[in-house]
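What follows is a single structure, written as structure tokens, with notes after it.
Numbering (my numbering), first residue to last: 2 to 492.
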């Protein structure tokens, strides 16, 4: 019977003072929506990027060497049981000229035909316009952004081949692609031109007049099943890096011997070398040639060396940091709104509370009415806040980052832990404020509750002591100033 009466009175209070109910409803929806939405933004951001990386077989580890890399190095890397796949690349930073004669710093990637045509390989590109190259004079250009120059299909670039490392002097753009290596509008650095890469091109090995490779890109077994932005992925990747370090020592030594032999052969086949050999100075030539060769060093890098990945991670962490602080203000405001609203409601219903106590209703039963009232507003408001916040905020924030990054389609997810935390925090704040508001009245006896509550006594405020201001204030302004200090919660 008590429960039935309780819900009947709560329903009556909602319909009789809907504005009061709506205030708690709205502030709870805002608080829960902001907290859940902000806390979900970084995970949704991570999930979106990680899925794109997985689809493109984006490298987990990048190996470079001061002495160049060979197919034997690739075989050694593939022999490591934790390596899923590996591919050799040739890269060169060169100065190029467009049809208008403007110089730009370009980075050219050379890879196998299957990788270039996106049939297999690592760091797969996605063709957006045009076709794939058919010879070493054709290339793919990276999709432009506001900070990269915009090559069109048919654009011919003249290459500065003063170093002799290239087999052609021009490259013709036949296709435009997207690459997981370049998602940020931030330019990568180089030691040529103005120090910043303005154009990125992809072609085959045939363009390069070198017998060595500059990079080995590889993926780690089991890495796709993990999110690249969390610790388990880093732990798995680090294990492979440690295993590769032992391989590096062996391959550095082997490559040193290869380079020494190449240097000796070059020295002996030169006119000076042949003349010296005729004089029986072959051994001295060998020692001199070998002495000029330094031992190669392997550099084992991970995604933290990629500008786009580092930038994406940093910006997602900024959103996460804001999410831990900003919603706190909403919950403080929600608690204050609930406290003020419920205090007014309880003060207005003092007589009713006194009557109920006189009729034998317990303090717990009377408090339950107000807790159910505010709790209903909090529960319904929180549900609406979750429904909107989990979708709206991540979508809006991630879309804003399109200014800085080329992002794939957003992948939103429901995070139970985040949702329950936001929902629970809001409910606790509202119910605690309600209980605080009603507790003082429940301590009084029915006879006193049935009498109107005595108004707060007036008192001099600090402003009154500043005579030259107080004397010049109008009467209504003085009343307003005093009321602000008398009813601080309303303020």
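For each residue, glycine too, the CB sits at the ideal point set by N, CA and C.
What you are looking at is a predicted structure, and each value in this text was computed from that prediction instead of being measured.
- The beta-carbon separation of residue 107 and residue 202, rounded to 6 Å, stays under the 8 Å limit for a contact.
- For residue 391 and residue 244, the gap between their C-alpha atoms comes out near 41 Å.
- According to the DSSP assignment, residue 425 belongs to the alpha helix (DSSP H) that extends over 417-443.
- The residue among 346, 94, 225, 425 with its C-alpha nearest the C-alpha of residue 374 is 346.
- Out of 386, 404, 428, the CA that lies nearest to the CA of residue 38 is found in 386.
- DSSP, read as helix, strand or coil, puts residue 55 in helix.
- Under the three-state reduction of DSSP output, residue 180 falls in the coil class, being neither helix nor strand.
- Straight-line spacing of the CA atoms in residue 237 and residue 221 works out to 8 Å.
- The straight-line gap separating the alpha-carbon atoms of residue 122 and residue 388 is approximately 41 Å.
- Taking the Cα positions, residue 240 is about 15 Å away from residue 60.
- For the pair of segments examined, the region 60-75 was found not to touch the region 411-419: the number of CB pairs separated by less than 8 Å stays below three.
- Within the region 47-133, the complete alpha helix (DSSP H) runs of at least 4 residues fall at 72-79, 114-117.
- Residues of the same chain with a CB within less than 6 Å of the CB of residue 21, apart from the 5 flanking positions on each side, are 342 in chain order.
- In the three-state DSSP reduction, residue 476 falls in the helix class (H, G or I).
- For the options 442, 68, 473, 216, the alpha carbon positioned closest to that of residue 110 is the one of 216.
- C-alpha of residue 315 to C-alpha of residue 309: approximately 10 Å in a straight line.
- Residue pairing for residue 173: DSSP places it in a beta bridge opposite 139, 157.
- Of the candidates 212, 54, 178, 135, 212 places its Cα closest to the Cα of residue 70.
- In this structure, the straight-line span from the alpha carbon of residue 367 to that of residue 354 is close to 7 Å.
- Under the 10 Å beta carbon count, residue 475 is surrounded by fewer than 16 other beta carbons and is classified as exposed.
- Taking C-beta atoms as the reference points, residue 158 and residue 168 fail to come closer than 9 Å.
- Under the DSSP assignment, residue 327 falls in the alpha helix (DSSP H) whose first and last residues are 308-349.
- DSSP places residue 230 in the coil class of the three-state scheme, outside both helix and strand.
- Three or more Cβ pairs closer than 8 Å define a contact, and the region 188-207 meets that threshold against the region 134-142.
- When only Cα atoms are considered, residue 233 and residue 26 end up about 40 Å apart.
- Short of 7 Å from the beta carbon of residue 180, and not among the five residues preceding or following it, lie these beta carbons of its own chain, in chain order: 124, 126, 143.
- Less than 9 Å separates the beta-carbon of residue 35 from that of residue 328.
- Restricting attention to 42, 96, 13, 79, the CA atom closest to the CA of residue 317 is found in 42.
- Between residue 311 and residue 219, the CB-CB gap reaches or exceeds 9 Å.
- Residue environment for residue 28: buried (at least 16 other C-beta atoms within 10 angstroms of its C-beta).
- Residue burial is scored here from C-beta neighbours: residue 305 has fewer than 16 other C-beta atoms within 10 angstroms and is therefore classed as exposed.
- Counting only the Cα atoms, residue 11 lies some 48 Å from residue 473.
- The closest CA to that of residue 178, considering only 407, 300, 105, is found on 407.
- Looking at the DSSP output, residue 190 shares a beta bridge with 197.
- Bounds of the alpha helix (DSSP H) holding residue 389 are 364-401.
- When rounded, the separation of the alpha-carbon atoms in residue 80 and residue 120 is 23 Å.
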